[in-house]
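As C-alpha cells, the structure follows; a few thoughts come after it.
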Ligand code: CA
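In my numbering, the protein residues as written are 6 to 226.
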C-alpha cells in the first residue's frame, strides 16, 4: 500500500482528501501544519507527499526548500490556489514534482500520485557503499567483497534503511515502518529476525545494537 503524507490546514478540504485517498487504497497520514510535517518526514518514510503551500507554522514552500536541501527525494505534489501561477512556478523550481490547482478532483489526484510513485521507483537510485559492501537499490543487488549476497526483500529493506541513515540510530518502530505497509501487523520480533539474518550474511560487526534504543550502522570512515 502506498503511504501518503497529506499536509493541508483547511479542515474540510483535508478531510475530503484524506477520506477520498483512503478509499482509493492509499495509506494516508494527515497533518495540518508545516512544522509537524517536517518532523514526520525526518522520522518516517512516505512514498509521496501532497503539500498545501499556505500552511501555519512553516509554509509549504519553506518545507519543500528544506526537504530538497537535505537531499530528501520523496515525490511532492503541491496544491495551489487558482490563478496562483507564481506559486506554481516557485513550487516546481523549489523541487515539487507536480501540482494540482484547487478545487482538487480526487480521481485526478489519485492518478497523479500513482504516476509520481511509479516514476520515483524507476528513478535510478544511487548505490550505497559501506567499506566493501555495495548495495544497489535500483537493481536490488548486494555485494560484499565483490561477491553477490542474496537477501530476502525485507532484509534488503532493513539494510537499505540503516545505510541511508548511517550514523543515526533507527528504532525498531522506524524500521518496521519502512518494511511494513500501514495495515500489516508485523510480528513483535520481526525486525530482530531480519537483523539476525543480515548479520549471518554480512558479518556481525556491521549492524550495532543499542540496547533499548535501536540499531545503527556507523558512517563509513
Ligand atoms: Ca492552506
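All C-beta atoms in this analysis are idealised placements derived from N, C-alpha and C, irrespective of residue type, glycine included.
Between the segment 135-152 and the segment 45-57 there are fewer than three inter-stretch CB-CB distances shorter than 8 Å, so the stretches are not counted as touching. Residue 93 carries a helical assignment under DSSP once its states are collapsed to helix, strand and coil. If only complete runs of 4 or more residues are kept, the segment 19-70 shows the alpha helix (DSSP H) at 39-48, in order along the chain. Apart from sequence neighbours up to five positions away, the residues of its chain that approach residue 93 with a beta-carbon distance below 7 Å are 85 and 104, ordered along the chain. In the DSSP assignment, residue 153 is bridged to 148.
Annotation for residue 58 indicates a beta carbon within 8 Å of some heavy atom of ligand 1. With respect to the 9 Å criterion, residue 168 and residue 133 are classified as neighbours on the basis of their beta carbons.
Between residue 195 and the set 159, 164 and 17, the nearest pair of CA atoms involves 159. Around the beta-carbon of residue 28, fewer than 16 other beta-carbon atoms lie within 10 Å, marking it exposed. Residue 174 places its beta carbon less than 9 Å from that of residue 218. Beta bridge pairing from DSSP links residue 213 with 221.
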